[in-house]
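In UniProt numbering, the protein residues as written are 1 to 158.
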């Protein structure tokens with residue numbers, strides 16, 4: 001009888017140990033947003049394109065991955081994003097305000113004087129990005145900062 005009680009106690013201890021270790025393993029998992037569908041480079045990310053998946057910490061390694069769904073929605077993929085895979089933080093960017101080859105209004109302001117001309121964007125860029133623009137009248141390449149309204153403001157020294 002004593003042996004039977006000892007076996008039951010050992011069995012319960014083993015079950016308890018398994019449950020505790022399983023609970024610790026779940027506690028160590030990290031939930032990250034992942035694509036639910038393939039997302040192509042240049043495509044805007046919508047909320048319905050994202051789901052969450054649990055990852056073991058040792059699977060993620062030392063790479064930096066996007067940890068919040070809100071960081072992804074409304075941004076643009078810089079490269080193809082595969083379903084179920086964690087998204088590196090450098091794989092998304094703000095959507096472009098100006099596309100390469102687009103005609104943009106170029107503004108130069110100095111000492112109260114404002115000059116406006118048009119140019120061809122030689123590079124795509126989001127608001128705040130410094131991009132080269134070819135002046136359509138002279139062919140001269142100037143550098144300017146993309147404004148939220150899509151104009152390019154020439155910086156000093158360009």
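Virtual Cβ for every residue (Gly too), placed ideally from N, Cα, C.
For this session: Could you tell me whether the region 104-121 touches the region 64-79, using the rule of 3 or more Cβ pairs below 8 Å?
Result: no
For this session: Determine the closest residue to residue 41 out of 50, 31, 78, with distance taken between C-alpha atoms.
Result: Residue numbering aside, residue 41 sits at position 41 when the chain shown is read from its first letter. Closest option to residue 41, Cα to Cα, is 78.
Problem set entry | Spatial distance of residue 75 from residue 140 (CA atoms) | Taking the chain shown and counting its residues from 1, the one referred to as residue 75 is at position 75. Taking the chain shown and counting its residues from 1, the one referred to as residue 140 is at position 140. Cα-Cα distance, rounded: 32 Å.
For this session: Determine the direct distance from the alpha carbon of residue 44 to that of residue 26, and round the result to whole angstroms.
Result: Taking the chain shown and counting its residues from 1, the one referred to as residue 26 is at position 26. Taking the chain shown and counting its residues from 1, the one referred to as residue 44 is at position 44. Confidence in residue 26 is poor, its pLDDT being 49 and thus under 50, which makes the residue's placement unreliable; the coordinate value appears in the next sentence. Rounded to the nearest angstrom, the two C-alpha atoms are 33 Å apart.
Exercise. How about residue 124 and residue 96: are their beta carbons less than 7 Å apart?
Worked result: Working through the chain shown from its first residue, we reach residue 124 at position 124. Working through the chain shown from its first residue, we reach residue 96 at position 96. In contact: residue 124 and residue 96 (Cβ atoms closer than 7 Å).
Exercise. Hey, does residue 86 have any beta-carbon neighbour from chain C nearer than 7 Å?
Worked result: Note that chain C does not occur in the displayed structure, where there is just one protein chain.
Exercise. By Cβ distance below 7 Å, which residues in the same chain neighbour residue 150 in space, the five residues on each side in sequence not counted?
Worked result: Here residue 150 refers to the residue found at position 150 of the chain shown. Excluding positions up to five away in sequence, the list reads 97, 98, 104.
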